[in-house]
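If you're matching them up, the sequences are chains A and B in order. Each step along the first sequence adds one to the number in the working numbering, with nothing skipped, and position 285 is 285. With positions in the second sequence counted from 1, the corresponding number in the working numbering is that position plus 308. Backbone N, C-alpha and C fix where the C-beta goes; we use that ideal spot for every residue, glycine too.
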Amino acid sequence: MGLRAKDLLSMEQLDKDEIDLILYTAKEMKNIIRRDIKKVPTLRGKTLVTLFYEPSTRTRTSFELAGKYMSADVVNISTAASSVVKGESLKDTGLTLEMMGTDVVVIRHGMAGAPHLLARTVKAHVINGGDGFHEHPTQSLLDLMTIREKLGDIAGLKAAIIGDILHSRVARSNVVGLKKMGAEVWVCGPPTLMPPGMEEMGARVTYELEEALRGAQVVMMLRIQLERQKSGLFPTLREYSRLYGLDMEKLKIASPGALVMHPGPINRGVEISAEVADSLQSVINEQVACGVAVRMALLYLMLGQKGE
Amino acid sequence: MKYLLQGGLVIDPASGLEKELDIHVENGRIKALGSGLETRGLVVYDLRGKIVAPGFIDMHVHLREPGGEAHETILTGCRAAVAGGFTAVAAMPNTRPCADSEGVVELIKARARQAGLCEVFPIGTISKGQQGEEISEMGSLYRAGAVAVSDDGKPVASSEVMRRALEYTKIFGIPVISHCEDSSLSAGGAMHEGYWSTVLGLKGIPAQAEEIMVARDILLASLTGGKLHLAHISTKGSVELLKFALAQGIKVTAEATPHHLLLTDEAVQGYDTNTKVNPPLRGPEHVQAVREAVAAGIIGVIASDHAPWSREEKEQEYDAAPCGISGLETAVAVCWDTLVVSGRMKPLDLISRFTTGPAGVLNLGCGRLEAGAPANLTVIDPGLKKQVDAGSFYSKGKNSPFHGRALQGWPIMTIVEGKVVMAGGRIKEEPKD
């Protein structure tokens, strides 16, 4: 039993069994992270490259640690310090990495579909570390893992994803992932930040925060970026925060003990109040811990099993 | 050079003729048209089971020369044209420099003559430098041979400039070809806005970005009495507006492209940049409406919007890749398969969209089969099934979303002024120095 495809490009491509397998494997991996000496030889002699065209702390670091905990050699490329600034195309960068013997490339890119282009170009495994507004599958996997750890079965839960749905790859991956695991998914944000077709993707749509929160066991807040205000999608951060920000008062509308999640980095006082972020209901830090475990599981399932 | 085209089904939309006839070609002209014509002394092409039509005209192609020779030249573009069954094309002016001066128009004509394969009708720009600010020297462009004006590739944002262009062209009776796009709505967009743009995370272009400008230009045509032609119509709303305009008696014509007749935005799945085109591939309800409008003759022209790109341009991220499809060599087969084989249109009607339709818009004398007329002919094999192989295109642009698709109904002969320039999909060029 393993993953069907060479690459992980989206949650869309995974079936429920594959998601279960990744989450089950990730649980095992978490035991390694808890050890005093966090090192297993599973991926010795394998090479992982992180190729990031956009800034990232969490995703890049957790992939790097995931590789290192399993003894893979890890190389980080940030495009500001690479041939990309000399105008090298993604195709040529991919071919170069291929010739150097890379086994897995994790790519983050500002343009949707860039991981697909890379996956067509190289024989190495490609993991999508976030592409444009398309998907961020490993974020969704770590979110699912966090929910499962805290609440058990995901099926039947009401999950509300709140904020800038239009520009959020996390929202898309989570709508797909949560639906596949049987949750009822709501998306909520101002109409200017709501893309068409969310209902067709299986989500319920509302512009009212209260409706999204009512009875929700999982509340996912999304980061709002100031540049969206500049492009006229909402009037001010202050008004946004008033309508869609989560504070302790509004959190009471959700199911008692509902999980509060955020992919980070958070804007305290904008989409989420400091009290909520630091409350017992917030699992933002648990998400980070699950992030390393899920990425270890993926690397193991892609590389570690091939009859060595 | 004299020969006989024997036994083909001759279809001539201009006269309504649809009959199995022989055509005797001599000295570049149709010498005779009739049944059982004398074969003695003539090379005979047996065309039984094939369709013989007036030479097809593609009134919307980008030949890229001057300036874009890495993507296409007038020679390679003409090869693609005759390989695709076209005896004439009209070349869009968005070259570098653009065709806003007599010099560029004359260069295009001279290079086309050198190529010696098919007729190339240059189109001049609407505005100087395609900047959308001041109208170009349309009189000079017209005298040099421009058959229309267009800022295709860029919309004319200013209603005032569009108004003046529609007025000024009345001196010459040439059409203004409008690329309808409200740039403030389409900016940064990579595909049609809808379910698939959400799933794929690409910025969408709403149908209304086209329709707003279609509405504006129709109103300006009504104001001015100018001759408006709407390029590459792709939405249901545009079709509705067109119906409104025709009902009002406003002078407006329109074209649709083969790709908007066959593909929906679902084709963008997988991020194949060959599906990136402007206007974008639309949802099924739009495709349906455009097909119906073409079938009903509300849209009277099919044009390929041939937009070749070199490989490296398309081998990029979807957002970074340029828009365009290399369409000359698949236009006829895509339409035949989609519209005739499926039973949506009769052969005669489809042929008119490639002949009398564009000839009418551009005031061209061609597009008619009769004794004495220049022998510009396109022969179609309605039964021929073939898989598209973009790698074997004559065009430099291999950017086709149809690669690998099996299609039925292909051009098998192209005859330009009596010369058989294409037979069996292969070009016959006279050796040049």
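What is the rounded straight-line gap between the Cα of Ile331(B) and the Cα of Phe429(B)? Walking along the second sequence from the start, residue 331(B) turns up at place 23. Walking along the second sequence from the start, residue 429(B) turns up at place 121. C-alpha separation (whole angstroms): 27 Å.
Using 8 Å as the cut-off, can you tell me whether the region 353-372 of chain B makes contact with the region 592-599 of chain B, which would need three or more C-beta pairs spanning the two stretches below that distance? no
Between Gly307(A) and Gly182(A), what straight-line distance do the alpha-carbon atoms span, to the nearest angstrom? As a working note, residue 307(A) is residue 307 in the first sequence. As a working note, residue 182(A) is residue 182 in the first sequence. At Gly307(A), the pLDDT of 45 sits below 50, so the modelled position is not reliable; the number obtained from the coordinates is stated separately. Cα-Cα distance, rounded: 34 Å.
Find out if the Cβ-Cβ distance for the pair Trp186(A), Ile161(A) is shorter than 8 Å. Numbered from its first residue, the first sequence carries residue 186(A) at position 186. Numbered from its first residue, the first sequence carries residue 161(A) at position 161. Yes, these two residues count as a Cβ contact at 8 Å.
Do you know how far the Cα of Leu647(B) is from the Cα of Arg421(B)? On the second sequence, residue 421(B) is found 113 positions in, with the first residue counted as 1. On the second sequence, residue 647(B) is found 339 positions in, with the first residue counted as 1. If you take the alpha carbons of Arg421(B) and Leu647(B), they lie about 34 Å apart.
Endpoints, alpha helix (DSSP H) assigned at Val174(A): On the first sequence, position 174 is the one that residue 174(A) refers to. It is Asn, not Val, that sits at residue 174(A) in the sequence shown. Unbroken alpha helix (DSSP H) run through Asn174(A): 169-180.
Counting only beta-carbon separations shorter than 8 Å, does Gly699(B) have a partner in chain A? In the second sequence, the residue the question calls residue 699(B) occupies position 391. Nearest CB-CB separation between Gly699(B) and chain A: not below the 8 Å threshold.
Supposed close pair Ser448(B), Glu441(B) - CB separation, criterion 8 Å: Within the second sequence, numbered from 1, the residue matching residue 448(B) stands at position 140. Within the second sequence, numbered from 1, the residue matching residue 441(B) stands at position 133. Going by Cβ atoms, the distance from Ser448(B) to Glu441(B) rounds to 18 Å, so no, they are not a contact pair.
Would the beta-carbon of Val455(B) fall within 8 Å of that of Ile482(B)? What you label residue 455(B) is simply residue 147 of the second sequence in a count that begins at 1. What you label residue 482(B) is simply residue 174 of the second sequence in a count that begins at 1. Contact flag set, yes.
Using 8 Å as the threshold, is the C-beta distance between Asn582(B) and Ile633(B) below it? To locate residue 582(B), count along the second sequence from 1; it is residue 274. To locate residue 633(B), count along the second sequence from 1; it is residue 325. Yes; because the gap between Cβ atoms is below 8 Å, this pair is in contact.
Give a yes or no on whether 8 Å exceeds the smallest Cβ distance from Gln624(B) to chain A. The residue labelled residue 624(B) in the question sits at position 316 within the second sequence. Interface residue, yes.
Excluding the 5 residues flanking Gln654(B) on each side, which residues of the same chain have their C-beta closer than 8 Å to its C-beta? Mapped onto the second sequence, residue 654(B) falls at position 346. Gln is not the amino acid found at residue 654(B); the sequence shown has Lys there. Here the set comprises Val648.
For Gln281(A) and Val218(A), I'd like the C-alpha separation in whole angstroms. Translated into positions along the first sequence, residue 281(A) becomes position 281. Translated into positions along the first sequence, residue 218(A) becomes position 218. Cα to Cα, the separation comes out at about 10 Å.
Which value, in whole angstroms, describes the spacing of the CA atoms of Met721(B) and Leu670(B)? On the second sequence, residue 721(B) is found 413 positions in, with the first residue counted as 1. On the second sequence, residue 670(B) is found 362 positions in, with the first residue counted as 1. Taking the straight line from one Cα to the other gives about 24 Å.
For the putative contact between Leu259(A) and Val283(A), defined by C-beta atoms under 8 Å, what is the C-beta separation to the nearest angstrom? Locating residue 259(A) in the first sequence gives position 259, where the first residue counts as 1. Locating residue 283(A) in the first sequence gives position 283, where the first residue counts as 1. Right, their Cβ atoms sit about 5 Å apart.
Would you kindly work out how many angstroms separate the C-alpha atoms of Asp366(B) and Lys123(A), rounded to a whole number? For the purposes of this step, residue 366(B) is taken as residue 58 along the second sequence, with counting starting at 1. For the purposes of this step, residue 123(A) is taken as residue 123 along the first sequence, with counting starting at 1. Straight-line spacing of the CA atoms in Asp366(B) and Lys123(A) works out to 42 Å.
Check for me: the alpha helix (DSSP H) holding Asp92(A) runs from which residue to which? Residue numbering aside, residue 92(A) sits at position 92 when the first sequence is read from its first letter. That run of the alpha helix (DSSP H) goes 90-99.
Can you list, in chain order, the residues of the region 63-90 of chain A whose Cβ is nearer than 8 Å to any Cβ on chain B? Residues passing the 8 Å Cβ filter: Ser89, Leu90.
Outcome for Gln314(B) when other beta-carbon atoms lying within 10 angstroms are tallied against a minimum of 16: Here residue 314(B) corresponds to residue number 6 of the second sequence, with the count starting at 1. Classification of Gln314(B): buried, given that the 10 Å Cβ count is 16 or more.
For Met99(A), which residues from the same chain have a beta carbon less than 7 Å from its beta carbon, with the 5 sequence-adjacent residues on both sides left out? Counting from one through the first sequence, the residue named residue 99(A) turns up at place 99. Once the five neighbours on either side are set aside, Met99(A) has no close Cβ partner at all.
Would His500(B) and Pro588(B) be called neighbours here (beta carbons separated by less than 8 Å)? Counting from 1 along the second sequence, the entry for residue 500(B) is found at position 192. Counting from 1 along the second sequence, the entry for residue 588(B) is found at position 280. It is a contact, given that the beta carbons lie within the stated cut-off.
Hey, quick one: how far does the alpha helix (DSSP H) through Glu468(B) stretch, first residue to last? For the purposes of this step, residue 468(B) is identified with residue 160 of the second sequence, where counting begins at 1. From DSSP, the alpha helix (DSSP H) with Glu468(B) extends over 467-476.
How about Ala203(A) and Val170(A): are their beta carbons less than 8 Å apart? For this step, residue 203(A) is matched to residue 203 along the first sequence. For this step, residue 170(A) is matched to residue 170 along the first sequence. Taking 8 Å as the Cβ cut-off, Ala203(A) and Val170(A) do not qualify as a contacting pair.
Considering only C-alpha positions, which residue in the set Gly578(B), Ala465(B), Glu475(B) is nearest to Arg524(B)? What you label residue 524(B) is simply residue 216 of the second sequence in a count that begins at 1. The shortest C-alpha separation from Arg524(B) is found at Ala465(B).
Taking the alpha-carbon of Val412(B) as reference, which of Leu493(B), Arg387(B), Pro374(B), Glu380(B) has the nearest alpha-carbon? Here the question's residue 412(B) lines up with position 104 in the second sequence. Here the closest residue by C-alpha is Pro374(B).
Which residues of chain A have a Cβ atom closer than 7 Å to the Cβ of Ala628(B), listed in chain order? Reading the second sequence from its first residue, position 320 is the one you call residue 628(B). The answer, in chain order, is Met111.
Residue ranges of each alpha helix (DSSP H) within the region 35-117 of chain A, 4 or longer: 58-69, 90-99
Pick from Pro256(A), Leu14(A), Gly269(A), Thr96(A) that is closest to Ile127(A), judged by C-alpha positions: Along the first sequence, read from residue 1 onward, the residue named residue 127(A) stands at position 127. If we check each option's Cα against that of Ile127(A), Leu14(A) comes out closest.
For the putative contact between Phe364(B) and Thr663(B), defined by C-beta atoms under 8 Å, what is the C-beta separation to the nearest angstrom? Here residue 364(B) refers to the residue found at position 56 of the second sequence. Here residue 663(B) refers to the residue found at position 355 of the second sequence. The pair is a contact, with the Cβ atoms about 6 Å apart (cut-off 8 Å).
Quick one: what does DSSP say Tyr579(B) is sitting in, helix, strand or coil? Your numbering for residue 579(B) matches position 271 in the second sequence. In the structure shown, Tyr579(B) sits in coil (DSSP, three-state: anything other than H, G, I, E or B).
Classify Asp278(A): buried if its beta carbon has 16 or more other beta carbons within 10 angstroms, exposed otherwise. The residue given as residue 278(A) occupies position 278 in the first sequence. Asp278(A) comes out exposed.
Local Cβ density within 10 Å of Thr381(B), reported as buried at 16 or more and exposed below that: Residue mapping note: residue 381(B) aligns to position 73 of the second sequence, counting from 1. Buried, because 16 or more other Cβ atoms sit within 10 Å of the Cβ of Thr381(B).
Quick one: give me the first and last residue of the beta strand (DSSP E) that Leu259(A) is part of. Within the first sequence, the letter at position 259 stands for residue 259(A). Segment 259-261, the beta strand (DSSP E) holding Leu259(A).
Using a Cβ cut-off of 9 Å, pull out every chain A residue sitting near Gly545(B), in sequence order please. Position 237 of the second sequence, counted from the first residue, corresponds to residue 545(B). Simply none; closest approach about 16 Å.
Find the residues of chain A that neighbour Leu510(B), judging by a C-beta separation of less than 7 Å, and give them in chain order. Taking the first residue of the second sequence as 1, we reach residue 510(B) at position 202. Contact of Leu510(B) with chain A by beta-carbon distance below 7 Å involves Ala112.
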